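Undergrad: This is the structure I want to talk about, given as structure tokens.
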Amino acid sequence: MKEKIHSKFTSLFGEGGVFYAAAGRINLIGEHTDYNGGYVFPGAIDKGIMAEIKPNGTDKVRLFAIDRDEFAEFSLAEDALPGQHWPRYIYGVCREIEKRGGKVAGFDAVFAGDVPLGAGLSSSAALESCFAYALNDLNGNGMDLFTLARIGQSTEHNYCGVKCGIMDQFASCFGKAGQLIRLNCKTLEYQYFPFNPEGYKLVLLDTCVKHLLADSAYNKRRESCERAAAAIRENHPEVEFLSDAKRVWLDEVRDRIPEEDFIRAEYVIGEVQRVLDVCDALDRGDYETVGEMMYQTHFGLSRLYEVSCPELDFLARLARKMDVTGSRVMGGGFGGCTINLVKDELYDSFVAAAAEQYKEKFGHELKVYDVVISDGARKL
Ligand code: GLA
């Protein structure tokens, strides 16, 4: 990938570029908890975005996306949003750096990625984090990693229409090889956990489907949670986020909120507890409990939060049938991957059966990604 980028870069912009990279992510457990102030448990993966970048002495940004074979250009002196969608992630990063008092000088860049698009592995966070990290470094802005993660998140909110939480950009910036990170999305305290479950593997099965309107459905889930939290807050003013609420407090407001908001909130409150249970289980080396919690999360995401789809449900059900330790939809949902915790000796037969039966049922292939927990944003 590096050579491909470099040869395009030199042909378009000459020598003298600097390489940066940032990663996609997985999440062991803690889904749709980040914007509710709860815990998440992600790690960066060995798939991401790589870019070669060089200041060009103008107020223009000139970009080439290798995977799309497309060129884009915008001016830092004007407010016009780029017409194509993909340059908006980079445009947004520039604007969000400036909003925070940082400098962005015009630059040329060529980039490529190997994090599959629409698979729930946060290709967009990888793109944002790669450029946020690079532009911070090249312009000597001295912003810390949290600020860079926030810049990516605000880019999603303000230029891409997704009111996401902080998990993806956090993982993409803070990732470390071999370590998962437990983040408290309310206090922003985090802790690295070495993750090397002996006798088990983590594998992702990509349904290769991405259902339309996922972004607006995501934003609607967030609104439901905020309405439920606001209702609970009337009785319990200490509830800043939904994750602060006890289950019985939700029951108290059942008649005051739409039924749909109630079941969404029911999922979130359960999920916040499951992350803590998984951490305890990991401390004991009890991967069977970790796996059981993953199934419970899948059930909640499918039946209560309703962000699953037939393809994901099929794969999680098959995993259960084959005695796989844990399986669930990962990320925002509406397609993308299941994450599976599989005993070594079951791995081959599970992956083979999943591939065969999935194809038979849905008429197209799934993809298999072995998870390697890797470093986050960096200069190469
Ligand atoms: C997407 C968002 C994250 C998070 C997950 C669900 O990946 O970008 O902020 O909310 O969905 O856990």
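Basically my numbering = 1-based index in the sequence shown + 623. Idealized CB from N, CA, C, for every residue including glycine. In this text, all values refer to a predicted model and were calculated from it rather than measured experimentally.
Measure from the alpha carbon of residue 742 to the alpha carbon of each residue in 666, 634, 827 and 813, then state which is nearest.
TA: It is 827.
Undergrad: Quick check: does the Cβ of residue 655 come within less than 6 Å of any heavy atom belonging to the ligand GLA?
TA: Within the cutoff, so yes.
Undergrad: Are the CB atoms of residue 731 and residue 636 nearer to each other than 7 Å?
TA: Their beta carbons are under 7 Å apart, which means residue 731 touches residue 636 by this criterion.
Undergrad: Rounded to the nearest angstrom, what separates residue 625 and residue 673 at their Cα positions?
TA: Near 7 Å, if we compare the C-alpha coordinates of residue 673 and residue 625.
Undergrad: If residue 649 sits next to residue 953, beta carbons under 8 Å apart, how far is it from one beta carbon to the other, in whole angstroms?
TA: That pair is a contact at about 7 Å.
Undergrad: Here's the rule I'm using: 16 or more other beta-carbon atoms within 10 Å means buried, otherwise exposed. How should residue 719 be labelled?
TA: With 16 or more Cβ atoms within 10 Å of its Cβ, residue 719 is classed as buried.
Undergrad: Kindly indicate which residue of 890, 759, 801 and 755 has the alpha-carbon position closest to the one of residue 779.
TA: Checked all of 890, 759, 801 and 755; the closest Cα to residue 779 is 755.
Undergrad: Should residue 788 be counted as a contact of the ligand GLA given a C-beta to heavy atom distance under 6 Å?
TA: The answer is yes for residue 788.
Undergrad: List, from N- to C-terminal side, the beta strand (DSSP E) runs of 3 residues or more that fit wholly inside the segment 626 to 699.
TA: Listed in chain order, they are 641 to 650, 665 to 678, 683 to 688 and 693 to 698.
Undergrad: At what residue ranges does the segment 941 to 993 contain a whole run of the alpha helix (DSSP H), taking only runs of 4 or more?
TA: Listed in chain order, the complete alpha helix (DSSP H) runs (minimum 4 residues) inside the segment 941 to 993 are 967 to 985.
Undergrad: Under the assumption that residue 911 contacts residue 948 (Cβ atoms under 8 Å), give the Cβ distance between them as a whole number of angstroms.
TA: About 6 Å; that satisfies the 8 Å criterion.
Undergrad: Determine, using beta carbons only, whether residue 668 and residue 653 come nearer to each other than 7 Å.
TA: Taking 7 Å as the Cβ cut-off, residue 668 and residue 653 do not qualify as a contacting pair.
Undergrad: Any idea if residue 819 is buried or exposed, counting beta-carbon neighbours within 10 angstroms, 16 or more meaning buried?
TA: Exposed, because fewer than 16 other Cβ atoms sit within 10 Å of the Cβ of residue 819.
Undergrad: Counting along the chain, where does the alpha helix (DSSP H) carrying residue 922 start and finish?
TA: It spans 910 to 922 - the alpha helix (DSSP H) in which residue 922 sits, taken as one unbroken run.
Undergrad: What residues match up with residue 998 in a beta bridge as DSSP calls it?
TA: DSSP lists no partner for residue 998.
Undergrad: Any heavy atom of the ligand GLA closer than 6 Å to the beta-carbon of residue 954?
TA: It does: the Cβ of residue 954 is within 6 Å (strictly closer) of some heavy atom of the ligand GLA.
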